[in-house]
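First comes the structure, then the notes that go with it.
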Amino acid sequence: MFDEYTFEELKAILIMQSFGGLSLLCIYVLMGLGLYVVFGQMKVINMAHAEFLVIGSYTMCLASKFVIEVMPEFINYYLWVAIPLAFVVAFIVGWIIEWILISRLYHRPLDTLLATWGLSLIMQQCFRTFIGAREMSATLPEWLMGSWAPTDIIDIPINGLVILATTIILTVGLVFFTNKTRWGLRMRSTSQNRQMSQALGINTKVTDRFTFALACGISGIGGAFLTTVVSTSPTAGTTYIVDSFLVLVLGGLGSLFGLVISGGFLALLSSILEFFMSGSVAKVWLYLIIFVVLAKFTKGLFSSNIRS
Amino acid sequence: MLEVSNLKAGYGQSSVIDDLSFTLKENEILGVMGRNGMGKSTLFKSLIGLLPAFDGEIKVDGKDVTSFPPYKRVFSGLAYVPQGRMIFPALTVTENIKIGLEKVKSSKIPDYVYDYFPVLKEMGHRKGGNLSGGQQQQLAIARALVCEPKVLLLDEPTEGIQPSIIKEIAQILKKIRDNQGISILVAEQVLSFALDACDRFVVIEGGDFVHEAGRADVDPEKIKSLLAV
Chain A
55 MFDEYTFEEL KAILIMQSFG GLSLLCIYVL MGLGLYVVFG QMKVINMAHA
105 EFLVIGSYTM CLASKFVIEV MPEFINYYLW VAIPLAFVVA FIVGWIIEWI
155 LISRLYHRPL DTLLATWGLS LIMQQCFRTF IGAREMSATL PEWLMGSWAP
205 TDIIDIPING LVILATTIIL TVGLVFFTNK TRWGLRMRST SQNRQMSQAL
255 GINTKVTDRF TFALACGISG IGGAFLTTVV STSPTAGTTY IVDSFLVLVL
305 GGLGSLFGLV ISGGFLALLS SILEFFMSGS VAKVWLYLII FVVLAKFTKG
355 LFSSNIRS
Chain B
4 MLEVSNLKAG YGQSSVIDDL SFTLKENEIL GVMGRNGMGK STLFKSLIGL
54 LPAFDGEIKV DGKDVTSFPP YKRVFSGLAY VPQGRMIFPA LTVTENIKIG
104 LEKVKSSKIP DYVYDYFPVL KEMGHRKGGN LSGGQQQQLA IARALVCEPK
154 VLLLDEPTEG IQPSIIKEIA QILKKIRDNQ GISILVAEQV LSFALDACDR
204 FVVIEGGDFV HEAGRADVDP EKIKSLLAV
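Sequence order for the protein chains is A and B.
Residue 265 in the working numbering sits at position 211 of the first sequence, with consecutive numbering throughout.
Residue 221 in the working numbering sits at position 218 of the second sequence, with consecutive numbering throughout.
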């Protein structure tokens, strides 16, 4: 299948497709960060996590609609308000859901799996009923839509660069947050020993709620950026949830580093495969490769080796 | 400082402690002696709130804390050093101590901690899990101390620790009591440590106190016989 391309073209394809993969990687990492934090601390597998991505996307779409109708002169700047807003909305919804549902299901992993899956269906229907079943996309400011051409045949989209920068900032920010702040210390101590944390004055219930909401908020930011690449629909999240879990499992559930590397591996592979073959055949190959890798490394590529 | 009346506590459906009452006075170190399985740890866990009290009342400095979750009891003046230390192995020594600062709303570890346990200053950046047993015990006490408690609950502080350090811990406990003006309840099996550190002794058996003695009238042989298997 490589015959019809020259070597130069193949190189350009590789670079451009890797960059396409990079935007995908960023979505995976933003999703994976949230899943990782929630699973790490509460041992809850949140099947509804992708719906928070969609909440972020809708926040962005509705914000752009609002800006166009009410104050079109701000169309170039609304992003800087819409993205924090996506975080806040997802954070608040996450806070409420943890309070009403998740907090009652700790220590029951199978029940949480079922409950959060049900939650994802409910949320999808809510999007359909209250926002509309049709696909929706945000009107993007002009500066975001161009591309950057370092050579004649390589074109790198600006929105990809922006997503990349945001993902790096968020990941570094989250690491800083967990390692250097009081909330971060609460989160780390609670995830290591819940009872002892309580006995030292930490309100672990509120810590759990905050952690869950934070994870949802990060996912919301991911969703806001997703609208710059693809349009949003009520079920858009289902496309990403499986792959995000795959990234998490492949990374070994042990470290943030493993998450990024396995996310990169998966995104790159699927992006490059999809260029040369149809989407579903590419998926088959992707899953086959992951299957082989997981058969060899049963605990994932970067499992942690801490004594328990 | 700590008043316990008619306390009934245990695991699930089965109660280990039935109708226990005692008082810990201000600035007192009270030793709760007893063999394994006699209810020492159950008592301590129900005092800090990790186990529910089925019945009875726990008062700290006159305030009823019986219905409080653990973190609220810490805010009411209790601090807890569990059996087996339970430090956070993957966090550094400094971070371990800082967790205890939840109540005082400060991010600075007070200097007196390092006066009592200078080794924790040197080891500040080490992971808690890499400390020796004795050092971990000091860390666990330091972590409880920065909660600025009125009552410190110490569950078997000498377990798995070499004799020279046991003696040192007894001295430090008395110093802490004098300088910080707190009351200490300590569960213990090692008689020499208790005789060294405590002002008053009770022996617990089957969830109830069967013997009590003050420092002046203590009969080591009597306690020894009660502790013998």
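All residues carry an ideal CB built from backbone N, CA and C; glycine is no exception.
- Linking L89(A) to L302(A) through their CA atoms gives a straight-line distance of about 8 Å.
- In this structure N9(B) is in contact with G59(B), their Cβ atoms being roughly 4 Å apart against a cut-off of 8 Å.
- Shortest Cα-Cα distance from P113(B) to any of G52(B), R76(B), A145(B), M89(B) involves A145(B).
- Assignment of I129(A) by DSSP, reduced to helix, strand and coil, places it in the coil class.
- Put simply, the CB of Q95(A) is far from chain B, with every gap to its CB atoms at 8 Å or more.
- Taken through DSSP and simplified to helix, strand or coil, G87(B) comes out as coil.
- Close to chain A, meaning a Cβ-Cβ distance shorter than 7 Å, are the following residues of the region 134 to 164 of chain B: R146, C150.
- By the Cβ-count criterion, A187(A) is exposed, with fewer than 16 other Cβ atoms from all chains shown falling within 10 Å of its own Cβ.
- One Cα belongs to G255(A), the other to C150(B), and the distance between them is close to 8 Å.
- For the region 64 to 80 of chain B, residues whose beta-carbon sits nearer than 9 Å to a beta-carbon of chain A comprise P72, P73, Y74, K75, R76, V77, F78.
- Beyond the five residues adjoining it in sequence on each side, L94(B) comes within less than 8 Å, by CB distance, of I102, K130, G131 in the same chain, given in chain order.
- Identification of residues in the region 240 to 255 of chain A having a C-beta nearer than 9 Å to some C-beta of chain B yields R240, R242, S243, Q246, N247, Q249, M250, S251, Q252, A253, L254, G255, given in sequence order.
- Under the 10 Å beta carbon count, Y341(A) is surrounded by fewer than 16 other beta carbons and is classified as exposed.
- DSSP places G34(B) inside the beta strand (DSSP E), whose first and last residues are 32 to 36.
- In this structure, DSSP gives F120(B) a state outside helix and strand, which the three-state scheme calls coil.
- Linking F356(A) to S24(B) through their CA atoms gives a straight-line distance of about 53 Å.
- DSSP links K43(B) through a beta bridge to no other residue.
- Relative to the Cα of S324(A), the nearest Cα in the group T220(A), I344(A), I129(A) belongs to I344(A).
- Here DSSP, grouped into helix, strand and coil, assigns K153(B) to coil.
- In chain order, Y74 make up the part of chain B whose C-beta sits under 7 Å from the C-beta of N257(A).
- Around K97(A), the same chain offers P163 as residues with beta carbons nearer than 7 Å, after the five sequence neighbours per side are excluded.
- Inter-residue distance for K48(B) and L280(A) is about 49 Å (C-alpha atoms, whole angstroms).
- Taking a beta-carbon distance threshold of 8 Å, I112(B) does not count as an interface residue toward chain A.
- Residues of the region 41 to 58 of chain B with a C-beta atom less than 7 Å from some C-beta of chain A are I51, L53, listed in chain order.
- Here DSSP, grouped into helix, strand and coil, assigns V206(B) to strand.
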